[in-house]
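S.K.: Protein sequences appear in the order of chains A and B. 232 is the number that the numbering used here gives to position 232 of the first sequence; each next residue is one higher, with no gaps. To convert, take the position in the second sequence, counting from 1, and add 1000; that gives the numbering used here.
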Amino acid sequence: MSSQVTIDAFPPPEMAERMENVGVSKANLDFWSMFALAVLAGSFIGMGAEFFTLVITDSGLGFGMQKLVGGLVFSLGLVLVIIAGAELFTGNNLIMMAWVSGKLTLAQVMRNWIIVYTGNLVGALVEVTLMYITRQWAFANYHVGATALNIANAKVNLSFTEGVVRGVMCNALVCLAVWLCMSARSVTDKILAILFPITAFVASGFEHSIANMYFVPMGLLLKDQPEAVAAAGKVAGDLVNLNMQGFIKNLVAVTTGNVFGGGFMVAVVYWFIYRRPRETERRFRVQDVFNLFLSPSSVRIQKSNRTEIEEV
Amino acid sequence: MENSLFDTVGLIVALFVSVVVWGTLIAGLYQIVREEVHQARTKLHKPRIEGSAIRSVEA
């Protein structure tokens, strides 16, 4: 008589369905809620990045262990985003699943991405400003600032290809972390699901566009602090690429990679596996792909007609 | 020799990713513009008689 309580994780087909529904509700948020949640996500990722910078400074650990610990503490950012609730551009690349299912138009997806990306940038820049004012970068004889400067300088010196491919790898892992969270039933499940993919991407040195919105501007500010530059063992000539142009170039390459890694390599692939129209319903045609870009409303109509037929 | 091969492969991958992603982004932006234009046109051609008809009925 009593209702059966289960602690089993959601199986992947259900995860895909939940992901689609989450995508639809995310895309239908009103502007100000979406923007405010995006600002929060930008600052949450900034907090993770700041924690990472602090912890890896003069840790005395070997290379691998230092990366591992750095990755673990960086996970704070996504834990805050998922548990507290916020709109993160890289995670929202997964709403492509609702688009390819025909539940959203590409315009709705794009509107979400533009608002969320802008909000994330604002949040990250607010976080940079606050952290700069705290003078945390002067800790450990300016070595925290030196670490931040070295991180930012390394990022702006990446080639376009490196930026894109590291971006692809990064967001594949970030979106897999979010995807794993769809299987979770409790806060503990979600935190455990987040830890390993995020630690892996940070430890591997992959590139996250929103994290870079914290790291590179922080480096741009610290570039003008002679103590931090000296502690980093740099001279002015070593930091020539650390400027606004370098920041934008890095963001373009990394964001491109992030969208592909999260949107196409995770969302579209899992949609294809679990959510594509089956033989019994309707044969999947190449024309459907073109419809998604050119006439999304017709795809939605076809889909809703099919549902009505099934219901009848 | 080997490095230049991987450089070329890397460049091809980066270009492929860029074309796919930016193609999608541009298509999305085009759809947003098309929707906005459609909405603006609908607003422009909204029959003004509705309001006056309601007022006259209320009167």
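For every residue, glycine included, the Cβ atom is placed at its ideal position computed from N, Cα and C. Predicted, not measured: the structure shown is a model, and the values here were computed from it.
Give a yes or no on whether the C-beta atoms belonging to Leu-106(A) and Ala-1027(B) are separated by under 9 Å.
M.R.: yes
S.K.: Can at least three beta-carbon pairs, one atom from the region 8-19 of chain A and one from the region 33-43 of chain A, be found at a separation below 8 Å?
M.R.: no
S.K.: Taking all protein chains shown into account, decide if Trp-113(A) is buried (16 or more other Cβ within 10 angstroms of its Cβ) or exposed.
M.R.: Only buried fits Trp-113(A), as 16 or more other CB atoms lie within 10 angstroms of its CB.
S.K.: Starting from Asp-189(A), trace the alpha helix (DSSP H) in both directions and tell me its first and last residue.
M.R.: That run of the alpha helix (DSSP H) goes 187-203.
S.K.: Would you say Ser-204(A) and Ala-193(A) are within 9 Å of each other, going by their C-beta atoms?
M.R.: no
S.K.: Check whether the region 151-164 of chain A touches the region 1010-1028 of chain B, taking contact to mean three or more Cβ pairs, one atom from each stretch, closer than 8 Å.
M.R.: yes
S.K.: Any beta carbon from chain A within less than 9 Å of Ser-993(B)'s own beta carbon?
M.R.: Chain B is shown only over 1001 to 1059; residue 993(B) falls outside these bounds and no answer can be derived.
S.K.: Tell me whether Lys-249(A) sits in a helix, a strand or coil according to DSSP, three-state version.
M.R.: helix
S.K.: Quick check on Pro-12(A): does DSSP put it in helix, strand or coil?
M.R.: In this structure, Pro-12(A) counts as helix in the three-state DSSP scheme.
S.K.: Would you tell me roughly how many angstroms separate the C-alpha atoms of Asp-58(A) and Thr-1024(B), rounded to the nearest one?
M.R.: 43 Å
S.K.: If you compare alpha carbons, which of Thr-53(A), His-143(A), Gln-225(A) and Met-244(A) is closest to Ala-236(A)?
M.R.: Checked all of Thr-53(A), His-143(A), Gln-225(A) and Met-244(A); the closest Cα to Ala-236(A) is Gln-225(A).
S.K.: What's the call for Ile-45(A), buried or exposed, on a 16-neighbour Cβ count within 10 Å?
M.R.: Counting Cβ neighbours within 10 Å, Ile-45(A) comes out buried, since at least 16 surround it.
S.K.: Pick out the complete alpha helix (DSSP H) segments inside the region 62-99 of chain A, 4 residues or longer, and give them in chain order.
M.R.: 63-74, 76-79 and 89-92
S.K.: Identify, in the order they occur along the chain, each residue of the same chain with its Cβ nearer than 7 Å to the Cβ of Asn-157(A), setting aside the five sequence neighbours on each side.
M.R.: Asn-241
S.K.: Please list, in chain order, the chain A residues whose beta carbon lies closer than 7 Å to that of Ala-1014(B).
M.R.: By Cβ distance, chain A contributes Phe-160, Thr-161, Val-164 and Val-165.
S.K.: How do the region 92-108 of chain A and the region 259-278 of chain A stand: do at least 3 beta-carbon pairs fall below 8 Å, yes or no?
M.R.: Result yes; three or more Cβ-Cβ pairs closer than 8 Å.
S.K.: In this structure, does DSSP put Asn-21(A) in helix, strand or coil?
M.R.: helix
S.K.: Applying a beta-carbon distance threshold of less than 8 Å, which residues of chain A neighbour Val-1037(B)?
M.R.: Below the 8 Å Cβ cutoff, chain A contributes no neighbours of Val-1037(B), its closest Cβ being approximately 12 Å away.
S.K.: Run through DSSP, which three-state label would Asn-212(A) get?
M.R.: helix
S.K.: Using beta carbons (cut-off 9 Å, strictly below), is Leu-943(B) in contact with chain A?
M.R.: Here chain B has residues from 1001 to 1059 only, and residue 943(B) is not among them.
S.K.: When you compare only the Cα positions, how much space is there between Ala-86(A) and Gln-245(A)?
M.R.: 29 Å
S.K.: Considering His-143(A), what are the terminal residues of the alpha helix (DSSP H) in which it resides?
M.R.: 139-156
S.K.: Assuming contact is defined by CB atoms lying nearer than 9 Å, are Asn-120(A) and Leu-88(A) in contact in what I supplied?
M.R.: In contact: Asn-120(A) and Leu-88(A) (Cβ atoms closer than 9 Å).
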